[in-house]
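Below is one structure; the comments refer to it alone.
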Amino acid sequence: MAQQHDHEGKPDSSSSPQPKPSLDPDMDDTNSAMIPSTSWFTPKRLLVIFCVINLLNYLDRGAIASNGVNGSRKTCEGGTCKPGAGIQGDFNLSNFEDGVLSSAFMVGLLVASPIFASLAKSVNPFRLIGVGLSVWTLATLCCGFSFNFWSIAVCRMLVGVGEASFISLAAPFIDDNAPVSQKTAWLAIFYMCIPAGYAIGYIYGGLVGSHVGWRYAFWVEAILMCPFAILGFVMKPLQMKGFAPTYSEKAPTLETVGSEVQDAEASNGKDEGLSLREEFRNKSSHEPSRSKSTTILGQFSRFLKDMKELLLDKVFVVNVLGYIAYNFVIGAYSYWGPKAGYSIYQMENADMMFGGITVVCGILGTLAGGFILDFMTSSISNAFKLLSMATFSGGACCFGAFLFRSEYGFLALFAVGELLVFATQGPVNYICLHCVKPSLRPLSMAISTVAIHIFGDVPSSPLVGVIQDNINNWRTTALILTTIFFPAAAIWFLGIFLNSVDRYNEDSEHEVSSVERTSTAPLLEEKTAETSTSGQSQDC
1 MAQQHDHEGK
11 PDSSSSPQPK
21 PSLDPDMDDT
31 NSAMIPSTSW
41 FTPKRLLVIF
51 CVINLLNYLD
61 RGAIASNGVN
71 GSRKTCEGGT
81 CKPGAGIQGD
91 FNLSNFEDGV
101 LSSAFMVGLL
111 VASPIFASLA
121 KSVNPFRLIG
131 VGLSVWTLAT
141 LCCGFSFNFW
151 SIAVCRMLVG
161 VGEASFISLA
171 APFIDDNAPV
181 SQKTAWLAIF
191 YMCIPAGYAI
201 GYIYGGLVGS
211 HVGWRYAFWV
221 EAILMCPFAI
231 LGFVMKPLQM
241 KGFAPTYSEK
251 APTLETVGSE
261 VQDAEASNGK
271 DEGLSLREEF
281 RNKSSHEPSR
291 SKSTTILGQF
301 SRFLKDMKEL
311 LLDKVFVVNV
321 LGYIAYNFVI
331 GAYSYWGPKA
341 GYSIYQMENA
351 DMMFGGITVV
361 CGILGTLAGG
371 FILDFMTSSI
381 SNAFKLLSMA
391 TFSGGACCFG
401 AFLFRSEYGF
411 LALFAVGELL
421 VFATQGPVNY
431 ICLHCVKPSL
441 RPLSMAISTV
451 AIHIFGDVPS
461 SPLVGVIQDN
471 INNWRTTALI
481 LTTIFFPAAA
491 IWFLGIFLNS
501 VDRYNEDSEH
511 EVSSVERTST
521 APLLEEKTAE
531 TSTSGQSQDC
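Just so it is clear: in the sequence shown, position 227 is 227 by this note's numbering, and no numbers are missing.
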């Protein structure tokens, strides 16, 4: 702290020592280097809060796919017409339109994710999560007031915008604060909320939709998320590894420059002091006219540079390609599963059955994948091994399940298959976080999310709807879909042989540009003032 303002404001950031929290990878299992010791916000509380938010995100996805909320079209047979129900019945949607509706929120998600990831370098990431959750809450509330296909489709797009900030930034926060020996396990606990949220959403949507109407399902979701959106603004924000601490990023003031001048005159004479004064006047006179344009151009240039580095990383690309194929199947399963089960096996309570299997197998499988990788010693190569083996075995079980004529045989083998395929959640995201340097982790998560959705579950739901409209046989449609697990396993198998390096402990702090450093929002205004005063008193 004694040297904090010795070089502040100079273009050369490489020589400016930046105070930052300890990034020692050998930190103990109970204290976090990223969370201040004075904060009530412990690592475990962070994990619990993020898990609940993630659960609500995916509960929303499960609810809109449930028969209770999604409903069914009006049907007429032999002169007798059966009225439609839910969203599909109220708005008279075709299967294709229904599939598009399930994927509409992905449009906002894939557009906003890279934007939030880039903004994390100039605005505190924790505050960005608060902004995103606020948008999510308002958009979900409006879904309940929609009046036709396009109105609810637009609202679903805005739900995706709100979710984008959370999915890009939550995992790096968890990775920073997890005990070193349990990093994948903590990620697995977080991603366990994906299948659990979907499954609870099926059940929740089925109950609420059938008893009080599908609109209430969205209104209750908005009420549940509202406290977390508020929390994102009122709590002290956290610092993320790989970014310059925000309390050291204030632009130089007359007071701090005066201190620098006195130090310079004391050590090197008045000439250097006069030089510093002149430099400050010149910089101050030009700053207002060029700060905004320089910041925008600098951020865009940084984004392009980061994107190039990310897309040239073979480990990242192979991991995401496998993830795309995997998510293509999972996305279609999550949306069409209850309807397929109802059609093939005449499951009257398909929502409950699929919801129950998914929540149990999803939780157990995701946790098992994380703990197994930690037991194997977490590494990128071991993660690829686990991904390929689990996906191939799980895909084979799911394929065999749809061949069963017996409902009970199907449920038993399908449960084993889901247990295996959900073991991938921890390892696949571990690779995304550890194959890049710390400052690229938000962008890595954002681009991974964009890719798996735009090429995975966004097209899969409507495409499966088109296949079913033409084949009109849910068993054949499900078998065709399930075979895509095998290319995913093959791609991840190739990743085992790549030259992979865990880059989590690379210090990218010195690479933060001067533009980013001067434009980063303060972590906490009061704390900034206290830190500045403390640093000056130590200098004296």
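Quick reminder that beta carbons are idealized off the backbone N, C-alpha and C, glycines included.
**Request:** Measure the C-alpha to C-alpha separation of Thr80 and Asn472 and round it to an integer number of angstroms.
**Result:** 21 Å
**Helix, strand or coil at Ala332 according to DSSP, with G and I counted as helix** = helix
**Message:** In the DSSP assignment, the alpha helix (DSSP H) including Tyr504 goes from what residue to what residue?
**Reply:** Careful: Tyr504 lies outside any alpha helix (DSSP H) and carries neither H nor E.
**Message:** If you follow the alpha helix (DSSP H) that Pro227 is in, where does it begin and where does it stop?
**Reply:** Trp214 to Val234
**Contact between the stretch 145-156 and the stretch 85-92 (3+ Cβ pairs under 8 Å)** = yes
**Request:** Please check the pair Val135 and Leu158, which I expect to be a contact at CB under 8 Å, by giving their CB distance rounded to whole angstroms.
**Result:** About 6 Å separates the two Cβ atoms, so the contact holds.
**Message:** What does the Cβ neighbour count give for Lys183, buried or exposed, with the cut at 16 atoms within 10 Å?
**Reply:** buried
**Prompt:** Does the ligand ADP have a heavy atom nearer than 7 Å to the CB of Leu440?
**Reply:** As presented, the structure is devoid of all ligands, the ligand ADP included, so that no description of it is given.
**Request:** Give the range of the alpha helix (DSSP H) segment to which Ser439 is assigned.
**Result:** Counting along the chain, Ser439 falls outside any alpha helix (DSSP H), and DSSP gives it neither H nor E.
**Element boundaries [alpha helix (DSSP H), containing Asn95]** = Asn95 to Leu119
**Request:** For Ser181, count neighbouring C-beta atoms within 10 Å of its own C-beta (all shown protein chains included) and say buried if the count is 16 or more, exposed if not.
**Result:** exposed
**Phe166 vs Leu133 beta-carbon contact at 8 Å** = yes
**Request:** Mark Ser500 as exposed unless 16 or more other C-beta atoms lie within 10 angstroms of its C-beta, in which case mark it buried.
**Result:** buried
**Request:** Determine the DSSP secondary structure at Gln299, reduced to helix, strand or coil.
**Result:** Helix.
**Request:** Give the secondary structure of Phe497 by DSSP, where H, G and I count as helix, E and B as strand, and everything else as coil.
**Result:** coil
**Asked** Do Gly206 and Ser66 have their C-beta atoms within less than 8 Å of each other?
**Response** yes
**Asked** Mapping DSSP to helix, strand and coil, what is Ala196?
**Response** Ala196: helix per DSSP, three-state reduction.
**Asked** On the three-state DSSP scale, how would you describe Phe544?
**Response** Since the displayed the chain opens at 1 and closes at 540, residue 544 lies outside it and no answer follows.
**Request:** Report yes if the CB atom of Gly197 is closer than 8 Å to the CB atom of Asn327, and no otherwise.
**Result:** no
**Item:** Where the alpha helix (DSSP H) through Arg475 begins and ends
**Value:** Trp474 to Thr482
**Asked** What are the boundary residues of the alpha helix (DSSP H) that Ile471 is part of?
**Response** Per DSSP, the continuous alpha helix (DSSP H) segment holding Ile471 begins and ends at Val458 to Ile471.
**Message:** For Ile189, count the other beta carbons within 10 Å of its own beta carbon; 16 or more makes it buried, fewer makes it exposed. Which is it?
**Reply:** buried
**Asked** Just checking my contact of Ile363 with Pro195 at CB under 8 Å: how many whole Å lie between their CB atoms?
**Response** 7 Å
**Prompt:** What do you reckon, are the CB atoms on Met445 and Ala171 nearer than 8 Å?
**Reply:** yes
**alpha helix (DSSP H) segment containing Pro377, residue limits** = In the sequence under discussion, the amino acid at residue 377 is Thr, which differs from the Pro named in the question. Annotation for Thr377: no alpha helix (DSSP H) segment contains it, and DSSP assigns it neither H nor E.
**Asked** For Asn429, which of helix, strand or coil comes out of DSSP?
**Response** helix
**Message:** Within a Cβ cutoff of 6 Å, which residues of the same chain sit near Pro114, ignoring the five residues on either side of it in sequence?
**Reply:** Ala446
**Request:** Answer yes or no: do Leu411 and Cys397 have a C-beta to C-beta separation smaller than 8 Å?
**Result:** No. Outside cutoff.
**Asked** How long is the line joining the alpha carbons of Asp175 and Cys51, rounded to whole angstroms?
**Response** Between Asp175 and Cys51, the C-alpha separation is close to 13 Å.
**Request:** Look at Phe493 and Ser388 and say whether their C-beta atoms are less than 8 Å apart.
**Result:** yes
**Request:** Could you tell me if Thr391 is buried or exposed, where buried requires 16 or more neighbouring beta carbons within 10 angstroms of its beta carbon?
**Result:** buried
**Request:** Starting from Ile454, trace the alpha helix (DSSP H) both ways and give me its first and last residue.
**Result:** From DSSP, Ile454 is part of no alpha helix (DSSP H); its letter is neither H nor E.
**Request:** Flag this pair as yes or no: are the beta carbons of Asp557 and Ile330 separated by less than 8 Å?
**Result:** Residue 557 cannot be examined here, being either before or after the span of the chain that is shown, 1 to 540.
**Message:** Out of Ala489, Phe116 and Phe228, which one is the CA nearest neighbour of Val318?
**Reply:** For Val318, the nearest C-alpha among the options comes from Ala489.
**Asked** Whole-angstrom Cβ separation of Tyr335 and Ser439, contact assumed at under 8 Å?
**Response** Rounded, the Cβ-Cβ distance is 35 Å, inconsistent with contact.
**Message:** Here's a check: name, in chain order, each residue in its chain whose Cβ is nearer than 6 Å to the Cβ of Asp469, leaving out the five neighbours to either side.
**Reply:** Asn95
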